[in-house]
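2 protein chains.
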Amino acid sequence: MTSRSGRRRIPEATVERLPVYLRLLDEQFDVGVTRISSEEIAELAAVNAAKVRKDLSYLGSYGTRGVGYEVEFLLCQIKRELGLMQEWPVVIVGAGNLGQALAGYGGFMQRGFLVGGIVDVDSEKVGTDVGGVTVSHVDELAGLVAANDISIGVVATPGSAAQAAADALVAAGVSSILNFAPHGITAPHGITVREVDLSVELQILSYHEQRRANARRAATLRAVPGAGRGGQVS
Amino acid sequence: MTSRSGRRRIPEATVERLPVYLRLLDEQFDVGVTRISSEEIAELAAVNAAKVRKDLSYLGSYGTRGVGYEVEFLLCQIKRELGLMQEWPVVIVGAGNLGQALAGYGGFMQRGFLVGGIVDVDSEKVGTDVGGVTVSHVDELAGLVAANDISIGVVATPGSAAQAAADALVAAGVSSILNFAPHGITAPHGITVREVDLSVELQILSYHEQRRANARRAATLRAVPGAGRGGQVS
DNA sequence: AGGGCTTTGTGAACGCGTGCACATGCGTGG
DNA sequence: CCACGCATGTGCACGCGTTCACAAAGCCCT
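Here the protein sequences line up with chains S and B, keeping their order. Per the working numbering, the first sequence runs over residues 66 to 299. Per the working numbering, the second sequence runs over residues 66 to 299.
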């Protein structure tokens, strides 16, 4: 009875690391590694070994003391927990540059997902082929979602259309949304939303970059305390 | 002296939210809003109001009690703190689908960044125009970085080339890397790296989706207690 | 001009995630 | 068959981030 996958709740922080473990285990498996220790996983994932063990222990006791983890078996368990034993069809809203890139993204279908449809408001784009899938009009979204039993939608529209796209997805019956548009979206309770904003990521980098620059400047000033005229530095 | 921007250390969690505030404040400013309360910001950013105030207090006491925050002024302060008073040139490695999408990404240059160069290993792509920028060969990366004083690099290659791209960026003198490739990269200490993996995001959604499905199934089983005889619930 | 209303800024408590350290338990070799 | 060694699994303490609750403080209205 406890073997059912909906076991205990897994901390969100762990859920966010499981895909990383999955990826690196996949790579190790391809190279022929059959057994792996938490230490090695930690090394590859750049995290603490104890954290790896704790994370994996949420899936069950699938390691062997004194030995480590069976790579293939562990892969399977993580996939199961993440719901990747099945292929999830995904619908992409927006067939622009970004939508096309996502549709053609290598690590997309290779990892448990397939493009179940692409829609766009622009009737110019409707009918064109993007990564092997024909672009449909956004009006057909609901039909597409129902026909393919799609529960995950990806927003790849300009920021101004993001909320409308999200609303359309929710209305169509999607229950998880991945938003790439540079504009936050809101969804009713019960809908899982994840935001991936390129400019947000860049701005975080910008912050650290500026910090580094400031630190350098401060160090220079400290080395040359003249405040006005500066002497030679080395 | 304390007005210098390199003031106190700001928690990473706050740094990750500042760009979100920045974006929504920008939107509000465009709509003509000149003053805004922490409550309103919280509403728009879907976070707690106290968190907003604490986050903003790290920048300084820029609010007016009983009134709120001056939108334009606050915008300026956040930009300053994030290092966005200047435009950061960015170099993109990989001129494939993803690289092209990123180069043409709307919320890119509009938010303090500009494409300082795009490089690719494929000499077929070299010389072509992507979003107004000519693709250079990856061998010219170091020169490009030096000439444009670039410190931020974006990896948009296939997963197999990600580490090589990152190494090339580091060798060229870049100190911050944003990685979109579906493969973790490692960089020397002192280099800031952020990973954005599409499949990781989708897999997290998949987890929640499966959870939802399990919850539904459990609810159904409970409602139809065929397993043993069960009494009515409620 | 002054009182009251509103909203900020922040001290303090809470909760979660992280990391340490060790007991548990399995494989292995003698 | 037993003893040793090694890696897992986990209780516990610590630290960070979140949240509450309230005092400080500015504006507006009377």
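C-beta: ideal position from N, C-alpha, C; glycine also.
Buried or exposed (CB count within 10 angstroms, at least 16 for buried), residue i
i	result
F178/B	buried
E77/S	exposed
A212/S	exposed
H273/B	buried
Q175/S	exposed
G197/S	exposed
T285/S	exposed
E146/B	buried
A168/B	buried
A288/B	exposed
E260/S	buried
H248/B	buried
A246/S	buried
N113/B	exposed
T222/S	buried
A166/B	buried
Residue-chain proximity (residue i, chain B), Cβ-Cβ < 8 Å
i	result
G202/S	Checking the displayed sequence, the identity of residue 202/S turns out to be His instead of Gly. Answer no: the Cβ-Cβ gap between H202/S and chain B never drops below 8 Å.
P247/S	yes
I157/S	no
A173/S	The question names Ala, but residue 173/S in the sequence shown is Phe. Interface residue, yes.
V210/S	no
G197/S	no
V96/S	no
M251/S	In the sequence under discussion, the amino acid at residue 251/S is Thr, which differs from the Met named in the question. Chain B contact via Cβ: present.
Q228/S	no
E81/S	yes
S241/S	yes
Y134/S	no
Short CB-CB distance (under 8 Å) between residue i and chain S
i	result
T193/B	no
P154/B	no
R259/B	yes
A166/B	yes
L139/B	no
A288/B	no
P84/B	yes
S216/B	yes
S264/B	yes
N213/B	no
G238/B	no
Distance cut-off 7 Å: residue i Cβ against heavy atoms of the ligand ADP
i	result
Q268/B	Summarising the ligand content, the structure contains no ligands, and the ligand ADP is consequently not present.
Sufficient close CB pairs (3 or more, under 8 Å) joining the region 113-122 of chain B to the region 87-101 of chain B: Using a C-beta cut-off of 8 Å, the region 113-122 of chain B makes no contact with the region 87-101 of chain B, since fewer than three inter-stretch Cβ pairs fall below that distance.
Residue ranges of each beta strand (DSSP E) within the region 217-259 of chain S, 3 or longer: As far as the region 217-259 of chain S is concerned, its whole beta strand (DSSP E) runs of at least 3 residues are 217-220 and 241-244.
Contact list for the region 175-187 of chain S against chain B, Cβ threshold 9 Å: Flagged, chain order: Q175, R176, G177 and F178.
Residues in the region 108-126 of chain S having any Cβ partner in chain B nearer than 8 Å: Correct list: L109, A110 and A111.
contact_flag[the region 242-257 of chain B, the region 223-230 of chain B] where n(CB pairs < 8 Å) is 3 or more: Result yes; three or more Cβ-Cβ pairs closer than 8 Å.
Three CB pairs or more closer than 8 Å across the region 106-115 of chain B and the region 86-93 of chain B: Yes, since at least three Cβ pairs between the region 106-115 of chain B and the region 86-93 of chain B fall closer than 8 Å, the two stretches touch.
Touch test, the region 134-143 of chain S against the region 138-153 of chain B, Cβ-Cβ under 8 Å, three pairs minimum: Too few Cβ pairs lie closer than 8 Å, so no.
The region 149-156 of chain B contacting the region 180-187 of chain B, beta-carbon criterion three pairs below 8 Å: A contact exists between the region 149-156 of chain B and the region 180-187 of chain B.
Under 9 Å (Cβ pairs) to chain B, residues found in the region 270-282 of chain S: Listed in sequence order: L270, S271, Y272, H273, E274, Q275, R276, R277, A278, N279, A280 and R282.
Every unbroken beta strand (DSSP E) inside the region 155-200 of chain S [3 residues or more]: Fully enclosed beta strand (DSSP E) runs of 3 or longer: 178-185.
Contained alpha helix (DSSP H) runs [length at least 4] in the region 85-129 of chain B, N- to C-terminal order: As far as the region 85-129 of chain B is concerned, its whole alpha helix (DSSP H) runs of at least 4 residues are 103-110 and 114-122.
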